[in-house]
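Residue numbers (our numbering): 31 to 415.
Printed below as a string of structure tokens:
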């Protein structure tokens, strides 16, 4: 295979992948960076609501729930106890009109300090990040983008790989020259590309189609979480009240490391423990998925983990800005266009096979890749005509 032909084909599809996914990647990077700092943002935004006001030990859960229901005129559905003893507790409340609110509660007397709709500001940021706020269409869009982002990373590494006069890390020339922006783009990609690839792969389990298939496959192979004692058990915590007659209480421990995960299912009739599930009881598939989620959220390895994920988010913005500069610097006769096609076209077959392989793993992305490949083929025929 001619190396120049292959390089040009990879370059062209790297350009297309970036053009397709960059707007959504910038959105994901911005909302993801915000969510990494959820505790700090919530403390600043909600102010005094987030901190305890009264001294003394917490009251009983029954007393807290009763007092909250009297003050809010709703029904308590869950109680969340934070790891920091100086912070207020959060109590989920179902209102008579069907609305769901979260109350900030001082546990000493069950005093409601304030309340917010649903999960509040950062829950909205989380829904914006996953585009869950737009429904199934948004969730599927994120899945498609994640698959294209994987192709973007792979082709980027191929283009970056040192050859000839290209260096692994460099910054030659001045910002007036295209070489400067080429080096800047390549160097940033080399530094954060692995993080971007990790974020794309570990974000896939949240997706509606592929993520559902993954969970079903893991469970079918006996590699998932232990089955809940009854199907109506809630998955939310710190302590979730029974959702229906006969359903258990669900208690979890707030943790930042996946290996500390611990869930208890308790019979509401007699307090008998129906299931005590710890991380060691998870199957290998569920352990891998959960580890990816905790690391993706910047929790698993402390502050260094959060900073690395933040670097990935910042890197996306730098890559987007430098790619626009590269595109602008490469314009010919005042016109912006895609990188030139490979001549001869031998490199196209290998890249197309790689794209189809990625598409086979992620079918929604694969469907859009097939459309893109057909479009490229039609454009080639039109250029020859």
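Glycine included, each C-beta is placed from N, C-alpha and C at the ideal position.
The DSSP assignment places no complete run of the alpha helix (DSSP H) inside the region 36 to 75 (cut-off: 4 residues). For residue 113, no alpha helix (DSSP H) run applies, since DSSP gives it neither H nor E. With a cutoff of 8 Å on beta-carbon distance, residue 213 and residue 202 are scored as near each other.
A distance below 8 Å separates the beta carbons of residue 169 and residue 238. Here residue 175 is near residue 54, since their CB atoms are less than 8 Å apart. Counted as a single uninterrupted DSSP element, the alpha helix (DSSP H) harbouring residue 246 occupies residues 240 to 250. Bounds of the alpha helix (DSSP H) holding residue 93 are 91 to 102.
Check the Cα spacing between residue 65 and each of 152, 87, 86 and 104: the tightest is with 152. Under the three-pair Cβ rule at 8 Å, the region 73 to 89 does not count as touching the region 352 to 368. Per DSSP, the beta-bridge partners of residue 147 are 131.
About 5 Å separates the beta carbon of residue 255 from that of residue 312, a gap short enough to meet the 8 Å contact definition.
Residue 304 and residue 392 have their C-alpha atoms some 37 Å from each other. Assignment of alpha helix (DSSP H) within the region 285 to 329, counting only whole runs of 4 or more residues, yields 314 to 326 in chain order.
For residue 167, the enclosing alpha helix (DSSP H) begins and ends at 166 to 190. The residues 107, in chain order, have a CB closer than 6 Å to that of residue 271 in the same chain once the five nearest residues on each side in sequence are set aside. Residue range 119 to 124 is occupied by the beta strand (DSSP E) that includes residue 123.
Counting only the Cα atoms, residue 68 lies some 28 Å from residue 295.
Scanning its chain for C-beta atoms nearer than 7 Å, with the 5 sequence neighbours on each side dropped, one finds around residue 80 the residues 72, 73, 117, 118 and 134, in chain order. Sorting 157, 182, 84 and 398 by C-alpha distance to the C-alpha of residue 349 places 182 at the top. Residue environment analysis places residue 42 among the buried positions, since at least 16 neighbouring C-beta atoms fall within 10 angstroms of its C-beta. In the DSSP assignment, residue 282 is bridged to 293. Here residue 198 has 192 as same chain residues with Cβ atoms under 6 Å from its own Cβ, once five neighbours each way along the sequence are excluded. Residue 122 is positioned such that its CB atom lies no closer than 8 Å to that of residue 93. Under the DSSP assignment, residue 276 falls outside any alpha helix (DSSP H); it carries neither an H nor an E label.
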